[in-house]
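Step one of this worksheet: look at the structure below.
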Amino acid sequence: MRRGGILILLIGLILIVGAAGLFLFMQTSGGIGGIGGTGGSDAGPTVEPTVPPPVEVVVARAPLPANVVITDTGQLLRTESIPQRDYDSQRHIVSVAEVQGMMLLQPVGLGQPIFKDNLAEPGLAQRLSPAEGDRPRDKAYPFVVNNLTGVANQVQQGDFVDVIVTFAVPRTVSRVVPNCAACDPNVPPEQRVPPQSSFETQIMVSTKTLIQQAQVLQILRPPVTVEPTPQGGAAPADGGVQVDETGAVIGPGANANQAGGTITQGTWTLLLALNAQEVELMEFAQTSEARLVLVLRGVGDAAFEPTIGASMDLLLDDFGLPLPQPPPMYVISPDEQITPQPTRTPAPTRVP
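FYI, the numbering for the sequence shown is 41 to 392, going by our numbering.
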């Protein structure tokens, strides 16, 4: 009995070890079918590694030289797909809108990508429009305006304005002062004093639109420093308004800016696109201490409007301005009586 029990235990141990070996073999070989070589067809599908999708980047549609400002993105740029491994988020550009209005620092060939480090904000010289037709290329001219001469600060960058100039022209007028003693028959002719002439200077005013369709390239405004009103403090004693730390109006008058009921005080500078002839007209007018006023054109208004200007004689002759009474004294010289005077008609407006 003792030997029979030991034998049974050995047989059980052998069975346990065999079952464990069979279990491990099935795990490593894919099942029982793997023994016969047919288990491979029952295995699951092989998982391929995930391929990242391509990236659309901005490339040049045509060869682009250096220092060119990209304004027409549809004609100059397009997008192209590149592999994800070649994409550099620090250099590549994925949106055409990011290139709009930028300047290239280095030339770019056909189909080559536009890199961020090859773009820069264009300066004023690059933003000047090229010459069109017979008109020379415009230059940038600074013109200082205030709330009256600058259309109440309603001009925005890119708008078009006309320049109206009013000159104060001095004219010397000669008047004949009659001598009553010269008409006295009791005075001998040799003692009679002829009429004397007196001279006086009169200021004649003349207004003309000198420049039309001048584009505003840029507006330079001085910095505004506003002292905030102390917390809980009263309004300034000089009749001003209360403002917070950001400069916004608080308290009475807070809605004035929203309603458009205020006018900006001070002066600012407009950079106008003018050709050389127009710059000469502006310089002459300002040196002559004339009054220069800007008028704002509407969107799409590109018409050149011929004008005859305005002066007192033109208002009387062409516009029917009534002459106030009594009329000023006017002495007609003998030369004026026998010599016909030309009609006072202004010259036609010349397009600069």
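All residues carry an ideal CB built from backbone N, CA and C; glycine is no exception.
Indicate whether residue i and residue j have their beta-carbon atoms separated by less than 7 Å.
i           : j           : result
residue 246 : residue 183 : no
residue 240 : residue 213 : yes
residue 100 : residue 152 : yes
residue 178 : residue 168 : yes
residue 142 : residue 159 : yes
residue 139 : residue 195 : no
residue 335 : residue 174 : no
residue 146 : residue 109 : no
Please report the straight-line C-alpha distance between residue i and residue j, rounded to a whole angstrom.
i           : j           : result
residue 250 : residue 97  : 49 Å
residue 258 : residue 90  : 52 Å
residue 180 : residue 312 : 6 Å
residue 319 : residue 254 : 11 Å
residue 327 : residue 262 : 24 Å
residue 55  : residue 66  : 16 Å
residue 364 : residue 332 : 28 Å
residue 111 : residue 341 : 22 Å
residue 200 : residue 338 : 8 Å
residue 121 : residue 136 : 14 Å
residue 343 : residue 252 : 9 Å
residue 162 : residue 211 : 49 Å
residue 53  : residue 47  : 10 Å
residue 361 : residue 226 : 47 Å
residue 198 : residue 130 : 32 Å
residue 324 : residue 238 : 32 Å
residue 345 : residue 359 : 18 Å
residue 351 : residue 321 : 19 Å
residue 134 : residue 95  : 8 Å
residue 63  : residue 51  : 18 Å
Whose C-alpha, out of the options, is nearest the C-alpha of residue i?
i           : options               : result
residue 123 : 150, 92 and 99        : 92
residue 154 : 127, 165 and 171      : 127
residue 330 : 108, 248 and 175      : 248
residue 305 : 134, 321 and 185      : 185
residue 103 : 149, 62 and 120       : 149
residue 316 : 243, 60, 146 and 176  : 176
residue 209 : 165, 51, 243 and 109  : 243
residue 190 : 228, 165, 260 and 357 : 260
residue 113 : 125, 144 and 94       : 144
Would you mind reading off the limits of the beta strand (DSSP E) that contains residue i?
i           : result
residue 99  : 95-100
residue 335 : 331-336
residue 136 : Premise fails: residue 136 is in no beta strand (DSSP E) and is neither H nor E.
residue 345 : Here residue 345 belongs to no beta strand (DSSP E), and DSSP marks it neither H nor E.
residue 313 : 307-314
residue 186 : 179-186
What are the start and end residues of the alpha helix (DSSP H) that includes residue i?
i           : result
residue 167 : 164-167
residue 117 : No alpha helix (DSSP H) holds residue 117; the beta strand (DSSP E) holding it covers 117-122.
residue 353 : 352-358
Mind checking if residue i is an interface residue toward chain B, Cβ cutoff 7 Å exclusive?
i           : result
residue 100 : This model lacks chain B altogether, as it is built from one protein chain only.
With hydrogens ignored, establish whether the beta-carbon of residue i is closer than 6 Å to any heavy atom of the ligand ATP.
i           : result
residue 194 : Looking at this structure, you won't find the ligand ATP or any other ligand, since it has none at all.
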